[in-house]
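A.B. asks: Before we start, here is the structure in question, set down as structure tokens.
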Amino acid sequence: MSPTLSQLQDFELGSSPSVLVVILNWNSPGETMVAVASVLAMDYSNLSVAIIENGSSDDSVDKLKTIVNERVQLVQSPINLGYTGGCNLGFDLALKSNADYVWLFNSDAITEANTLSSLVRIAEEHRDVGLLSPLIGASNDSQKLVNVAGTFDPQIPCCKWTKDLKTGQSWLMDHPERVILLGTALLVRVDLIRKIGGLDAALFAYWEDTDFSVRSINAGFRNVVDFNSIVYHTEKSASDAPHEIKPHFWYYMARNEIYFWRKHLRGFSRIKVLWWQYTTQLKFLKRLKGNELSRQAILAGLWHGWLRKTGAYHNAMHMPSYASKLIEAHSERY
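Position 331 (the sequence shown) corresponds to 331 in the working numbering; numbering is contiguous.
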């Protein structure tokens, strides 16, 4: 149902819903400060910013303290809690302060002036929307889209993402119950957090937004893309430039996809998609020849996924040699 004229006037006059913008920092204070400045320059007034300092080992704390004010708070964690744990600290703050929404905003992103106003207006007009995302554009090319939307189909089963605007629009129109969103600039209704809890801390980083999207759907909410707003983000393509991607990415992607499908599927469908996931990782192993740390990270991720191991990645992680030799030989076939 659309809002009445008086409701729209109230929204515009300053009684707008309260939004806590959560930005995680981990050894990147310069990027984080740019992201905070971008958020504060928006035309949405009823917001505050929580910088979650996620156990950095550099001078992040000293630098970030310089931008703390009545609208910006710094929350320090003595250890790196991962993306999931850091965001959940922000969720806890939102619940305690009775905020209406949390906007998860990546530290390497920047936004346009009207983005949050547009997102909140849609969320207020449609109370069944649990998660809402703008379009994600490339920070180095304002005409290029990095992500529009994703779709989750448990019948195939698969998760697919698209950068194509028309494809994303058709997904939202034809299968609104399957839409999944990236966490890059994700607006979260606090009532959704109250109903399903926070991000799954076992994932630590990567696949947590897909999991959160599916849990939102299962709880009866819709996930929506605002095609009239955009946030710009650094594009990192594992397919186009795999050697430029850091090892921890390969580890979490291999491990957490196994965790995700085990969590959300049963029976033959689970076996089918896990085999597909395994063969996909074999292809990356083959493409990453010469990059032993990244190859080791993939193997460790597969091993820990099969063993249901969670937690943070470190470079010493590896798959036992007898298993890695078999899998590396198998990868030559792909």
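All C-beta atoms, glycine included, are put in the ideal place defined by N, C-alpha and C.
(1) At the level of alpha carbons, what is the spacing between F91 and H330?
(2) Grouping DSSP H, G and I as helix and E and B as strand, with all else coil, what is K309?
(3) For F284, which of V273, L274, A297 and K272 has the nearest alpha-carbon?
(4) Between the C-alpha atoms of L20 and L47, what's the straight-line distance to the nearest angstrom?
(5) What does DSSP give as the partner residue(s) for Y101 in the beta ladder?
(6) DSSP on F221, reduced to helix/strand/coil?
(7) Rounding to the nearest angstrom, what Cα-Cα distance links P134 and L187 in this structure?
(8) Please give me, in chain order, every unbroken run of the beta strand (DSSP E) with length at least 3 that falls completely inside the stretch 99-150.
(9) Opposite K160 in the DSSP bridges: which residues?
(10) By Cβ distance, which residues of its chain are closer than 7 Å to K195, with the 5 residues on each side in sequence left out?
(11) Using the three-state DSSP reduction, which class does L181 fall into: helix, strand or coil?
(12) Buried or exposed: which applies to I156, given that a residue is buried once 16 or more other Cβ atoms fall within 10 Å of its Cβ?
(13) If you draw a straight line from the alpha carbon of L293 to that of L199, how long is it in whole angstroms?
(14) Secondary structure at N54, three-state DSSP: helix, strand or coil?
(15) What residue range does the beta strand (DSSP E) around V72 cover?
(16) Would you say K144 and G150 are within 8 Å of each other, going by their C-beta atoms?
(17) Using 10 angstroms around the beta-carbon of H243, count the other beta-carbons present and answer buried if the total reaches 16, otherwise exposed.
(18) Keeping to the same chain, check which residues put their C-beta closer than 6 Å to that of K325; ignore five residues upstream and five downstream.
(19) Can you list, in chain order, the residues of its chain whose CB lies under 7 Å from that of E31, leaving out five sequence neighbours each side?
(20) Please list the terminal residues of the continuous alpha helix (DSSP H) segment that includes N256.
(21) Between P154 and Q73, what straight-line distance do the alpha-carbon atoms span, to the nearest angstrom?
(22) Which residues does DSSP pair with N25 in a beta bridge?
(23) Could you give the C-beta distance for E257 and K286, rounded to a whole number, given that I count them as a contact under 8 Å?
(24) Quick check on A123: buried or exposed, where buried means 16 or more other Cβ atoms within 10 Å of its Cβ?
(25) Could you tell me whether the Cβ atoms of W261 and G301 are closer together than 8 Å?
(26) If we count Cβ pairs, one from each stretch, closer than 8 Å, do we get three or more for the stretch 164-181 versus the stretch 232-246?
(27) Keeping to the same chain, check which residues put their C-beta closer than 7 Å to that of G305; ignore five residues upstream and five downstream.
C.D. replies: Taking the geometry as given:
(1) 43 Å
(2) If DSSP states are grouped into helix, strand and coil, K309 belongs with coil.
(3) A297
(4) Each residue's Cα considered, the two are about 6 Å apart.
(5) V19 and R189
(6) coil
(7) 9 Å
(8) 101-105, 109-111, 129-138 and 141-147
(9) Bridge partners of K160: T151.
(10) Same-chain partners within the cutoff: A219.
(11) Here L181 sits in coil by DSSP.
(12) exposed
(13) 28 Å
(14) strand
(15) V72 to S77
(16) no
(17) Residue burial annotation: H243 is exposed, with fewer than 16 other C-beta atoms found within 10 angstroms of its C-beta.
(18) none
(19) S107 and D108
(20) P247 to H264
(21) 40 Å
(22) E53
(23) With a beta-carbon spacing of about 18 Å, E257 and K286 fall beyond the 8 Å limit used to define contacts.
(24) Its Cβ being crowded by 16 or more others within 10 Å, A123 is buried.
(25) no
(26) no
(27) A254, R255, I258 and Y259
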